[in-house]
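A.B. asks:
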Amino acid sequence: MTSENDPAPEAPKPGTSGCIVISVDAMGGDQGPAAVVGGMADAAEKNPEIEFILHGPEPLLRGLVTARPSLSGRCIIRHADGIVTMEDKPGQVMRNGQDTSMWSAIESVRNHEATVAVSCGNTGALMALSVIRLRKLPGVNRPAIACLWPSRNAGGFNVMLDVGADIKAEAQDLLQYALMGASYARNGLGIERPRVGLLNVGTEDHKGGAELKAAQDLLMASTETGRFDYAGFVEGSDLPSTKVDVIVTDGFTGNIALKTGEGTAKLVGDFLKEALNAGLMSRLGALLAMGSLKQLRQRIDPRRVNGGVFLGLNGTVVKSHGSADATGVSAALKLAFRLAKSGYQERLAARVASAAQAGQDAAAKGEQGGNSE
Numbered sequence: 018m019t020s021e022n023d024p025a026p027e028a029p030k031p032g033t034s035g036c037i038v039i040s041v042d043a044m045g046g047d048q049g050p051a052a053v054v055g056g057m058a059d060a061a062e063k064n065p066e067i068e069f070i071l072h073g074p075e076p077l078l079r080g081l082v083t084a085r086p087s088l089s090g091r092c093i094i095r096h097a098d099g100i101v102t103m104e105d106k107p108g109q110v111m112r113n114g115q116d117t118s119m120w121s122a123i124e125s126v127r128n129h130e131a132t133v134a135v136s137c138g139n140t141g142a143l144m145a146l147s148v149i150r151l152r153k154l155p156g157v158n159r160p161a162i163a164c165l166w167p168s169r170n171a172g173g174f175n176v177m178l179d180v181g182a183d184i185k186a187e188a189q190d191l192l193q194y195a196l197m198g199a200s201y202a203r204n205g206l207g208i209e210r211p212r213v214g215l216l217n218v219g220t221e222d223h224k225g226g227a228e229l230k231a232a233q234d235l236l237m238a239s240t241e242t243g244r245f246d247y248a249g250f251v252e253g254s255d256l257p258s259t260k261v262d263v264i265v266t267d268g269f270t271g272n273i274a275l276k277t278g279e280g281t282a283k284l285v286g287d288f289l290k291e292a293l294n295a296g297l298m299s300r301l302g303a304l305l306a307m308g309s310l311k312q313l314r315q316r317i318d319p320r321r322v323n324g325g326v327f328l329g330l331n332g333t334v335v336k337s338h339g340s341a342d343a344t345g346v347s348a349a350l351k352l353a354f355r356l357a358k359s360g361y362q363e364r365l366a367a368r369v370a371s372a373a374q375a376g377q378d379a380a381a382k383g384e385q386g387g388n389s390e
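In terms of my numbering, the sequence shown opens at residue 18 and continues consecutively.
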């Protein structure tokens with residue numbers, strides 16, 4: 018997935034046996050540490066190149082890890098008494114959360130012990146701690162959370178950001194989201210030249226606010242340095258389409274779209290289940306279609322796309338769903354490993370710096386040209 022046009026990545030952070038080290042927050046998820054350790058064991062069985070630093074109460078975690086043979090010799094437990102709950106306020110955690118498993122997990126990335134951190138915990142607190150402890154990349158005003166959206170594209174997913182890191186986004190922020198999202202698509206999905214679209218209320222050029230029109234100009238000026246193709250404005254119906262690979266929007270709109278999609282998928286699944294159990298003939302039909310139904314369930318299983326990536330920081334952080342079970346945690350760990358293995362963080366930093374400067378230069382020239390007319 019590397020390219021001669023990309024800056025050469027640094028070597029992946031090695032563990033004791035040359036593996037990628039992932040820092041894992043064991044606490045904070047709805048399913049408890051057993052699900053987290055179960056996901057780690059599953060990931061370890063599938064990938065011999067992964068090692069872990071696991072953060073949480075050592076006596077509790079020691080028993081869970083010992084019961085998993087695949088983790089033997091591949092997991093260091095870092096003791097942390099405190100737990101960040103879903104009800105904790107980000108400000109409270111930043112002031113008083115030094116003894117928590119979440120803080121400890123981020124510190125392992127900050128101290129270069131691990132390449133990436135994974136947590137199922139409080140999203141607001143995790144983002145706040147990540148920004149404070151890891152700091153933003155030079156040139157990045159607002160970090161973003163990127164998610165994978167099921168689509169008709171060959172890889173099965175599109176990237177959408179921001180989906181909740183910040184409700185605001187100026188034109189320059191949207192440009193940075195496009196650069197970060199394109200880098201994620203290249204390194205996470207293997208798309209050499211991603212197609213980027215701006216989410217709008219319509220595809221016509223005259224629609225949308227001033228910040229979207231300004232962002233469109235910046236994106237059009239940055240396609241070569243950012244190594245992406247600009248697909249123009251896209252609508253909500255385009256999120257799962259083959260028209261784009263990356264959808265860019267502000268965190269307010271992106272989060273509503275994400276939660277709407279999740280709710281709709283669950284509703285359709287419930288309706289289908291009710292219909293297939295409505296009567297004897299329905300149950301017989303479901304039995305005959307069992308193979309196809311299993312394929313459908315696997316394809317739309319939200320656990321397969323578990324993991325929102327925090328982009329724009331000096332370090333990689335993957336946010337797993339709070340309700341994730343072992344399968345969901347394993348998927349988040351797989352995503353974390355893929356990004357760490359690709360060296361995408363180093364290329365992202367260089368890409369944001371170079372392309373953002375090019376976009377600023379293009380915008381400045383445009384303003385000068387406008388003033389001279």
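The beta carbon of each residue, even a glycine, is placed where N, CA and C say it ideally should be. Bear in mind that the values here come from a model prediction, so they are computed numbers and not experimental data.
Residues in the same chain with beta-carbon distance under 7 Å from VAL53, minus the five sequence neighbours each way, listed in chain order, please.
C.D. replies: Answer for VAL53: VAL41, ALA43, GLY46, CYS137 and VAL346, listed in chain order.
A.B. asks: Quick check on GLY249: does DSSP put it in helix, strand or coil?
C.D. replies: Reduced to three states, the DSSP call for GLY249 is strand.
A.B. asks: Out of curiosity, what's the CA-to-CA distance linking GLU130 and GLU209?
C.D. replies: Roughly 30 Å separates the two Cα atoms.
A.B. asks: Could you tell me the distance, in whole angstroms, from the CA atom of ALA227 to the CA atom of LEU293?
C.D. replies: Near 48 Å, if we compare the C-alpha coordinates of LEU293 and ALA227.
A.B. asks: Cβ of PHE250 within 8 Å of Cβ of ASN217?
C.D. replies: Yes, Cβ-Cβ distance for PHE250 and ASN217 is below 8 Å.
A.B. asks: Can you tell which of LYS276, LYS63 and VAL265 has the C-alpha that lies nearest to the C-alpha of LEU235?
C.D. replies: When only C-alpha atoms are compared, the closest one is VAL265.
A.B. asks: Here's the rule: buried if 16 or more other CB atoms are within 10 angstroms of the residue's CB, otherwise exposed. What is SER299?
C.D. replies: Classification for SER299: exposed.
A.B. asks: Using CA coordinates, which residue listed in GLY329, LYS351 and ASP183 is at the minimum distance from GLY156?
C.D. replies: It is GLY329.
A.B. asks: Excluding the 5 residues preceding and the 5 following ARG61 in the sequence, name in chain order all residues of the same chain whose CB lies nearer than 7 Å to its CB.
C.D. replies: For clarity, residue 61 is Ala in the given sequence; the question names Arg instead. The answer, listed in chain order, is ILE67, SER87, LEU88 and ARG91.
A.B. asks: Drop a sphere of 10 angstroms on the beta-carbon of GLU279, count the other beta-carbons inside from all chains shown, and report buried for 16 or more, exposed for fewer.
C.D. replies: Burial call: exposed.
A.B. asks: ALA14 by DSSP, collapsed to three states: which one?
C.D. replies: Here the chain comprises residues numbered 18 to 390, so residue 14 is not present and cannot be evaluated.
A.B. asks: With a threshold of 16 other CB atoms inside 10 Å of the CB of PRO76, please say whether the residue is buried or exposed.
C.D. replies: With fewer than 16 other Cβ atoms within 10 Å, it is exposed.
A.B. asks: How many Å lie between SER389 and ASN204 at the Cα?
C.D. replies: Unreliable positioning characterises SER389 in this predicted model, as indicated by a pLDDT of 32, which lies under 50. A coordinate reading is not provided.
A.B. asks: Terminal residues of the continuous beta strand (DSSP E) containing GLY214?
C.D. replies: 212-216 is the span of the beta strand (DSSP E), which, as asked, contains GLY214.
A.B. asks: Would you say the segment 189-199 touches the segment 335-355, given that touching needs at least three Cβ pairs under 8 Å?
C.D. replies: No, the segment 189-199 is not in contact with the segment 335-355.
A.B. asks: For the segment 247-301, list the beta strand (DSSP E) runs that are entirely contained and at least 3 residues long, ordered along the chain.
C.D. replies: 263-265, all fully within the segment 247-301.
A.B. asks: Work out the CA separation of ALA274 and ASP267 for me, nearest whole Å.
C.D. replies: Going by the C-alpha atoms only, they are around 11 Å apart.
A.B. asks: List the endpoints of the continuous beta strand (DSSP E) containing THR333.
C.D. replies: Per DSSP, THR333 belongs to the beta strand (DSSP E) from 333-336.
A.B. asks: Which stretch, first to last residue, makes up the alpha helix (DSSP H) that contains SER359?
C.D. replies: Counting along the chain, the alpha helix (DSSP H) containing SER359 begins and ends at 343-359.
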